[in-house]
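Take a look at the structure set out below.
Numbering (our numbering), first residue to last: 2 to 689.
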């Protein structure tokens, strides 16, 4: 998942987001005491008494995020030092006027790159460097402080320097103060307390009501999905410091029904410059690791540690139902001295009585398989790839599991899934899967790669481990966003998860397959979703052509969360379908188009689309007519659409950000022979 750094740095991002979003997180830093001595807050519009050389600093402090930069957050006011001017290749230096040290600590907000030798801020006494700091590899500024008691009453200077020209080759500095009460690095607990007391708690206009979202701040890939002691655990990549990517830690929530989630404290935070990247979690039932006991087997998290120029695989364990976590003192357990070695997926392979890990050499686009008997010592046993899409820049977030084949009693095949940061079917990031055989050591594909989802907003799915055999389902969930357009216009949270989906395989006839058929991954919303249905309305439409005709009344869908089960019969028409979230001059269109033989989602007029040039678009999934019709199940939440085609044999997942608050549903067809029939199910909220 570290691919976001390179991807976002290399693309031109338009960060014209909602004003309230920027303001809320611009002032998110914790307060300092009123008797602190301010050295500089960079609010004057000039560098004042700083001596500045080079190009990186510009002629005055920056006003937030600079062109082509990820969103900068956590600074105070409107001004800050930001040396990303004209990109990472520019260099420069700024030296303050002299001042006398009067307090025990010197504190400042810092963000940007982690290159200690070429980037940072220094404290000088008599021209000698006595303290230094560099960035945290994040555009979310955080508090740092130096103890300077030993220099009290001495004259000092500060020097901010940028000699770095590689990726993350810039520094951000703001609000430099002398203080006797240094602030905490983050104030996540304080920010959460304020938000939980707000009237809009979990109920902002675009906040999903049946999909998981973090309470506040940035979220991406799901991690560590495990079922234990009656609870589904959902861990996820989380930034405790702000609304953009950075400081990656494991957020945590639990549910007993996959719908209603209890938010828990951070599980595995960033520590000592090591971010907690993506990974998995297992119940070590036989206590092979020795972290628990036979009577109380531990939960063991296997995750990527990212920092100090490489990625390694680490362990953490819990014996209290995942409420507290202890890092393994001998981490890392797997280190191949590679900067792009990440996202372990681990499971117990009963036939071989071994733990299996599949992990990505991301830039090489190779998945590596390891075996272990104790989760601590790993032996490489095979590799898979490069394979699949040719134009992907990386391969990451793998998952591997066995699935039943529908209609073939007892027949099972293995599915290997992996994701790419760009180059997917609908543009930007997405996933592909292979169907084949696995013997505990090596995976062998029996057909070409297929796309996991045909929309733009389903990434890094991972399945729950340890679901009881009495249940028997394989269930996964994905990040409902896209790295290319990830700075979506929501606040105080950013990103949501898809609806949990149950999985199987189906053998279908398809054009282009060598034997006329392929094994297709089938995804269906989990059956628990039916519990949220309040009431239903039949949709019977005949003779409707153009323009689209409303089949609901204004205000009928006031909560904007519903499921529509439809049969689209095109008849002689080129296309037929419906428009949802229809308001003044905006709608999202979902239909069947005969010419490409595809179901599509068109979000070009869906509302807020101008925050990134790649967001608006039409996304198609191949769809076969069965008895002259295609079946679609459409799950609509306040800012998302998930379309399950022909009982889940293809899916389109797209985010939408409507501005209208009283939408209606409209139906259209290209010919009077077409019909659209089905049921609209109104859903109650799962978060209120």
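Ideal Cβ positions, reconstructed from N, Cα and C, are used throughout, including at glycine.
Classification of residue i by the beta-carbon crowding that lies within 10 angstroms, buried from 16 upward
i, result
"residue 305", "buried"
"residue 140", "buried"
"residue 54", "exposed"
"residue 254", "buried"
"residue 237", "buried"
"residue 201", "exposed"
"residue 671", "buried"
"residue 351", "exposed"
"residue 562", "buried"
"residue 24", "At residue 24 the pLDDT is 38, less than 50, meaning the model places this residue with poor confidence; the figure from the coordinates comes in the next sentence. Exposed is the call here."
"residue 31", "Because residue 31 sits at a pLDDT of 42, beneath the cut-off of 50, its placement in the model cannot be relied upon, and the point is left open."
"residue 603", "buried"
"residue 447", "exposed"
"residue 627", "exposed"
"residue 39", "exposed"
"residue 117", "exposed"
"residue 26", "Residue confidence is low: residue 26 scores 40 on pLDDT, short of 50, so the model does not pin down where it sits. Its coordinate-derived value is still stated next. Under this definition residue 26 is a buried residue."
"residue 299", "buried"
"residue 290", "buried"
"residue 353", "exposed"
"residue 408", "exposed"
"residue 52", "exposed"
"residue 547", "exposed"
"residue 153", "exposed"
"residue 204", "exposed"
"residue 535", "exposed"
"residue 594", "buried"
"residue 413", "exposed"
Assumed close pair residue i, residue j - CB separation to whole angstroms, cut-off 8 Å
i, j, result
"residue 284", "residue 229", "5 Å"
"residue 343", "residue 368", "Going by Cβ atoms, the distance from residue 343 to residue 368 rounds to 11 Å, so no, they are not a contact pair."
"residue 100", "residue 157", "6 Å"
"residue 210", "residue 686", "4 Å"
"residue 346", "residue 400", "5 Å"
Residue i - DSSP class collapsed to helix/strand/coil
i, result
"residue 384", "strand"
"residue 699", "In the structure as shown, the chain begins at 2 and stops at 689. Residue 699 is therefore absent and cannot be evaluated."
"residue 531", "helix"
"residue 761", "With the chain represented from 2 up to 689, any question about residue 761 goes unanswered, as that position is not in the structure."
"residue 452", "strand"
"residue 48", "coil"
"residue 216", "coil"
"residue 10", "Caution applies to residue 10, whose pLDDT of 32 falls short of 50 and renders its modelled position unreliable; the value that the coordinates give is listed next. Reduced to three states, the DSSP call for residue 10 is helix."
"residue 197", "helix"
"residue 484", "helix"
"residue 85", "coil"
"residue 230", "coil"
"residue 222", "strand"
"residue 192", "helix"
"residue 658", "coil"
"residue 673", "coil"
"residue 645", "strand"
"residue 292", "coil"
"residue 1", "A query on residue 1 cannot be resolved here, the shown segment of the chain reaching from 2 to 689 and no further."
"residue 563", "strand"
"residue 459", "coil"
"residue 100", "strand"
"residue 686", "coil"
"residue 152", "helix"
"residue 469", "coil"
"residue 434", "strand"
Strand pairing of residue i, partner residues [DSSP]
i, result
"residue 41", "177"
"residue 282", "302"
"residue 107", "147, 179"
"residue 357", "348, 372"
"residue 1", "Here the chain has residues from 2 to 689 only, and residue 1 is not among them."
"residue 599", "594, 623"
"residue 120", "163"
"residue 588", "Answer is none; residue 588 lacks a bridge partner."
"residue 311", "308"
"residue 1", "Since the first residue of the chain shown is 2 and the last is 689, residue 1 is not available in this structure."
Three or more C-beta pairs under 8 Å: does that hold for the stretch 208–224 against the stretch 650–670?
no
On the three-pair Cβ rule with 8 Å, is the stretch 390–403 touching the stretch 421–437?
yes
At a cut of 8 Å, does the stretch 178–197 reach the stretch 465–480 through at least three beta carbon pairs?
no
Touching by the beta-carbon criterion (3+ pairs, under 8 Å), the stretch 110–129 and the stretch 167–182
yes
Does the stretch 629–645 come close enough to the stretch 565–580 to have 3 or more Cβ pairs within less than 8 Å?
yes
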